[in-house]
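The sequence shown begins at 165 in this note's numbering and counts up by one.
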Amino acid sequence: MPHAPIFILGSHKSGTSLLRSLLDGHPDLFVIPFETHFMALLGRWITYSYRKQAPVDDANFLEGLVEILESYAQSVDRQADVVLGDRLDMDAVRAFVGEMDEADDPIQALTVLKQLLPQVVEGLDSAQGKRAVEKSVEHLEVALELAQTFPKAQFIHIVRNPYANMVALRKFKAKDQGYPLINKVYKSLESGYYWLQMNQKLIPHYKVIRYEDLAQNPAVEMKALAECSSDLFDESLLEPTLLGDPWGGNSAYGQFKAISAAHLDRWKEEITALEANLVTQHFGHVLDQYGYEKLPWMKGKWKPTKGESLKRYVYNRLYPLYLR
165 MPHAPIFILG SHKSGTSLLR SLLDGHPDLF VIPFETHFMA LLGRWITYSY
215 RKQAPVDDAN FLEGLVEILE SYAQSVDRQA DVVLGDRLDM DAVRAFVGEM
265 DEADDPIQAL TVLKQLLPQV VEGLDSAQGK RAVEKSVEHL EVALELAQTF
315 PKAQFIHIVR NPYANMVALR KFKAKDQGYP LINKVYKSLE SGYYWLQMNQ
365 KLIPHYKVIR YEDLAQNPAV EMKALAECSS DLFDESLLEP TLLGDPWGGN
415 SAYGQFKAIS AAHLDRWKEE ITALEANLVT QHFGHVLDQY GYEKLPWMKG
465 KWKPTKGESL KRYVYNRLYP LYLR
């Protein structure tokens, strides 16, 4: 079913890259190895805090795609979505794009990606006759349009313990800038949970899995996913890869070696009172719905956090008051 793409959705640092890597080696799937942001490139209005943009009436999809590919070619950040380095031929990208027609809608955009990427990314096989697999975090907001455009599409949303997700995203954002502005971390998760609820109600074939279940029982979860996706099960679904090579991961907890539940509770040692109380107060419905334990109110929210500047300390401590 080449015209029935699979879209992976979920908040930043919720396990979307792990899920994509498990699908990477399947012989019937064309797994795009990075976030394409193709709906943003088409000019869609995005409110997601880390990918925010106003609607663009005269968007140039191909120009934006080249810019994104250049950023992936130059990235050396292991915790980012992907590091392509020498596997991406930017000269070939520019040459091919120069001969392609502009994309004006999601079908055309996905067609461009399926035609272009096997020509310019080393190790990426042809998309001919295969189902495309794509994951871009902000596509949560445009999933309904994608479902209307691709009626046979499959949506897989991965959800992670909100406490753990808060810590993982904060650590990811803190590595370059010190402790981040907590409002952007919070709003990122809030947006993810809002669209999770809305999309489940409005979109058929919307499958939700828990990151913790995937980490603890990958064979069970991947077989269940395969049954929901036209019986796609293959042994390759148990081996995370990137372009056919073992996946190195993008976790804040070090180099990925194998699917493991070893770090599932690591967040308990690292979460701050500020973070924990935000989750407890505002995401209790998510904790209840997906079977996560709700923490009691924690003391110490006024305690400064390592790497937090004075300005950010003041902003971060006042932000929860704004949410009341």
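All residues carry an ideal CB built from backbone N, CA and C; glycine is no exception.
Identity of the residues DSSP links to residue i by a beta bridge
i    : result
G321 : Here residue 321 is His; the residue named in the question, Gly, does not match the sequence. Note: H321 sits in a beta bridge opposite L173, V372.
A296 : F194
Q217 : I210
V301 : For V301, which the question treats as bridged, DSSP gives no partner whatsoever.
D409 : L406
L252 : V285
Residue i, buried or exposed, once every other Cβ within 10 Å from all chains shown has been counted against 16
i    : result
Y350 : buried
D269 : exposed
E302 : buried
H449 : exposed
L396 : buried
A259 : exposed
R488 : exposed
G189 : buried
Y486 : exposed
W209 : exposed
E439 : buried
E457 : exposed
E515 : Here the chain covers residues 165 to 488 and nothing more, so residue 515 does not appear.
K316 : exposed
I271 : exposed
K337 : buried
Residue from the options with nearest C-alpha to residue i
i    : options                : result
D429 : V284, E199, R324, N347 : R324
T275 : G179, V297, G287       : V297
R251 : V284, V230, W466       : V284
S352 : F202, F198, Y212, A168 : Y212
V230 : G262, P315, E433       : G262
A332 : A256, L485, E433       : E433
T436 : W466, W411, Q445       : W466
K470 : A383, K335, I271       : K335
G408 : I172, S178, F194       : F194
L248 : V478, G356, G287, L182 : G287
L280 : A426, E266, V257       : V257
P191 : E403, P219, N480, E266 : E403
G293 : A168, K458, K177, Y358 : A168
S393 : Y357, G207, A425, V372 : V372
R215 : L438, G356, L378, A338 : G356
T444 : E354, K339, F202       : E354
E266 : D340, Q341, L378, F202 : F202
I322 : P410, A311, L389       : L389
K463 : N480, H446, F447, N441 : N441
D377 : H369, Y370, K387       : K387
H369 : Y479, H446, Q312, P410 : Q312
F447 : D221, D340, Q341, Q361 : Q361
Proximity of residue i and residue j at Cβ, strictly below 7 Å
i    : j    : result
P170 : Q318 : Here residue 170 turns out to be Ile, not Pro, going by the sequence shown. Cβ atoms of I170 and Q318: closer than 7 Å.
A291 : K299 : no
L233 : L308 : no
L205 : G228 : yes
W461 : Y327 : no
E472 : Y343 : yes
A273 : F225 : yes
Y483 : I346 : yes
G179 : Y375 : yes
E399 : W359 : no
I172 : L182 : no
G207 : A223 : yes
Whole-Å CB distance - residue i paired with residue j, under 8 Å assumed
i    : j    : result
S239 : T405 : Contact doesn't hold; Cβ gap of about 19 Å is too wide.
L474 : L187 : Not really, about 45 Å apart at Cβ, beyond 8 Å.
A237 : M254 : 5 Å
I423 : P382 : 5 Å
Q380 : A426 : Incorrect: roughly 10 Å between the Cβ atoms, too far for contact.
K177 : N329 : 6 Å
Any non-hydrogen atom of the ligand FMN within 6 Å of residue i CB
i    : result
Y477 : No copy of the ligand FMN appears in this structure; indeed no ligand is present at all.
Within-7 Å CB hit, residue i to chain C
i    : result
Y483 : Note that chain C does not occur in the displayed structure, where there is just one protein chain.
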